[in-house]
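**Student:** So for the sequence shown, the UniProt record's numbering puts the first residue at 1; every next one is plus one. Note that the Cβ used here is the ideal one computed from N, Cα and C, for glycine as well. On a predicted model such as this, the values are computed, not experimentally measured, just so you know. Questions regarding the structure given below will be posed in turn.
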Amino acid sequence: MSVLSAPDLKRVPGVLGRIVELRAGDYVGADPQLGAPRPDERRFEAALGAPGLSLIAEVKRASPSEGAIAPLDPADAARAYAAGGAAAISVLTEPRYFDGNREALLDVVATTDLPALRKDFVVHPAMLREAADWGASAALLMVSVLHEHTGEYLSAAHHLGLDALVEVHDEHELDIALEAGARIIGVNNRDLTTLKIDLGVSPRLIRRARDAGFTGVLVAESGYRTPQDIAAVRGLADAVLVGSSLAGSGDLARAARDLMTP
Ligand SMILES: O=C(O)c1ccccc1NCC(=O)[C@H](O)[C@H](O)COP(=O)(O)O
């Protein structure tokens with residue numbers, strides 16, 4: 001594959017803009033080569049495509065919205081989430097705002113057979129190569145960060161054998177994800193420039209994606225705290241991605257089970 005273009009991070013406003021500028025600084029001078037193609041396992045996609053509503057449970061120790069959430073041990077958290085019925089584990093690897101790191105992902109991959117998502121702010125191809133090297137099954141690609149380069153980064157993820165969760169928050173971003181050929185689209189209820197949550201965003205954009213003929217996997221993300229919240233996307237989404245309410249619960253297995261019980 002040819003070397004990927006750098007996204008224009010000056011276009012990213014607010015909290016998210018600050019996060020991605022710092023993340024880009026971490027990868028200045030990193031090797032942009034992807035290397036040889038790797039086998040396409042599609043484990044993350046398959047796990048979310050199971051009948052019913054699947055849970056992607058997130059190892060999230062801190063966030064800009066909440067500050068410190070809980071000093072989770074990633075391996076213990078992954079075991080608990082698996083016991084609680086999660087179909088996949090999301091692992092934050094961003095260090096400054098989310099208290100994440102490479103070791104968290106490595107520990108989760110070593111502990112459970114569930115497919116792991118590297119949840120980070122991908123701004124450089126080396127971050128995708130790392131995700132594959134560290135054993136992730138999938139990586140997050142944010143349309144609000146990559147804009148018209150989303151398709152290139154999606155091809156790069158697939159080249160590395162990774163599934164990609166292509167994340168959107170509004171109609172324009174959804175159109176870019178669809179045009180890019182995303183197989184898995186995540187709709188984030190959280191506006192990452194203001195951090196405000198609106199649980200109406202996922203149902204609205206999921207319906208729009210289906211109306212546009214999208215037949216892939218749709219994930220509702222952020223802000224889910226109760227079974228009643230989850231009810232709003234049952235029968236619409238294929239999966240929900242939940243972090244803070246599970247991570248801060250004190251009993252991750254039970255919280256995961258209770259949240260997903262209708
Ligand atoms: O969670 C944040 O405060 C946040 C701020 C800025 C950029 C990204 C952020 N979160 C990433 C996520 O998308 C969530 O971790 C994920 O969807 C889970 O959300 P939640 O269940 O509300 O913790």
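1. If we count Cβ pairs, one from each stretch, closer than 8 Å, do we get three or more for the stretch 207-227 versus the stretch 27-35?
2. State the DSSP-derived secondary structure class of ALA46, mapped to helix, strand or coil.
3. What residue from ASP191, HIS158 and ARG210 has the CA that sits closest to VAL168's CA?
4. Please look up how many angstroms separate the CB atoms of ILE56 and ALA177, rounded, as I've assumed it's under 8 Å.
5. Shorter than 7 Å, the distance from the beta carbon of LEU218 to the closest heavy atom of ligand 1, or not?
6. Looking at C-beta atoms only, is the number of pairs between the stretch 61-74 and the stretch 235-255 that lie closer than 8 Å three or more?
7. Is ILE206 near ligand 1, going by C-beta to nearest heavy atom under 7 Å?
8. How many angstroms separate the CA atom of GLY85 from the CA atom of GLU94?
9. Looking at ALA132: is its Cβ nearer than 8 Å to the Cβ of GLY151?
10. Are the Cβ atoms of HIS149 and SER5 separated by less than 8 Å?
11. For the putative contact between VAL145 and VAL123, defined by C-beta atoms under 8 Å, what is the C-beta separation to the nearest angstrom?
12. Can you list, in chain order, the residues of its chain with a C-beta nearer than 6 Å to that of ARG225? Leave out the 5 residues immediately preceding and following it.
13. Nearest to LEU205 by CA position, among GLU173, ALA253, GLU41 and HIS159, is which residue?
14. Is it buried or exposed, VAL3, if we count other Cβ atoms within 10 angstroms and call 16 or more buried?
15. Hey, would you say PHE98 sits closer than 8 Å to VAL20, going by beta carbons?
16. Is it true that the CB of ALA237 sits closer than 8 Å to the CB of LEU199?
17. Using DSSP with H/G/I as helix, E/B as strand and the rest coil, what is ASP107?
18. For LEU106 versus TRP134, is the C-beta distance shorter than 8 Å?
19. Would you please state the rounded distance, in angstroms, between the beta carbons of HIS147 and ARG234? I believe it to be under 8 Å.
20. Between GLY49, ASP229, VAL15 and ILE89, which has its C-alpha nearest PRO64's C-alpha?
21. At what residues does the beta strand (DSSP E) containing GLY29 begin and finish?
22. Of all the options ILE197, LYS196 and ALA182, which has the alpha carbon lying nearest to the alpha carbon of GLU45?
23. Would LEU9 and ALA24 be called neighbours here (beta carbons separated by less than 8 Å)?
**Tutor:** By the coordinates alone:
1. The stretch 207-227 vs the stretch 27-35: no contact.
2. Of the three classes helix, strand and coil, the one that applies to ALA46 here is helix, per DSSP.
3. It is ASP191 whose Cα lies nearest to the Cα of VAL168.
4. Incorrect: roughly 17 Å between the Cβ atoms, too far for contact.
5. Ligand 1 has no heavy atom closer than 7 Å to the beta-carbon of LEU218.
6. In the pairwise beta carbon analysis, the stretch 61-74 is classified as touching the stretch 235-255: at least three pairs are separated by under 8 Å.
7. Not so, every heavy atom of ligand 1 lies at least 7 Å from the Cβ.
8. Put simply, the backbone Cα of GLY85 is about 26 Å away from that of GLU94.
9. Contact: no.
10. Going by C-beta atoms, HIS149 is nearer than 8 Å to SER5.
11. Approximately 6 Å separates the beta-carbon atoms of VAL145 and VAL123; this is inside 8 Å, confirming the contact.
12. Around ARG225: SER245.
13. In terms of CA proximity to LEU205, GLU173 leads the group GLU173, ALA253, GLU41 and HIS159.
14. Around the beta carbon of VAL3, fewer than 16 other beta carbons lie within 10 angstroms, which makes this residue exposed.
15. Contact: no.
16. The beta carbons of LEU199 and ALA237 sit no closer together than 8 Å.
17. Here ASP107 sits in helix by DSSP.
18. Cβ atoms of LEU106 and TRP134: closer than 8 Å.
19. Contact between HIS147 and ARG234 does not hold, since the beta-carbon distance rounds to 32 Å and is not under 8 Å.
20. Nearest in C-alpha terms to PRO64, of all of GLY49, ASP229, VAL15 and ILE89, is VAL15.
21. Segment: none, GLY29 is in no beta strand (DSSP E) and carries neither H nor E.
22. Closest option to GLU45, Cα to Cα, is ALA182.
23. In this structure, ALA24 lies closer than 8 Å to LEU9 by Cβ.
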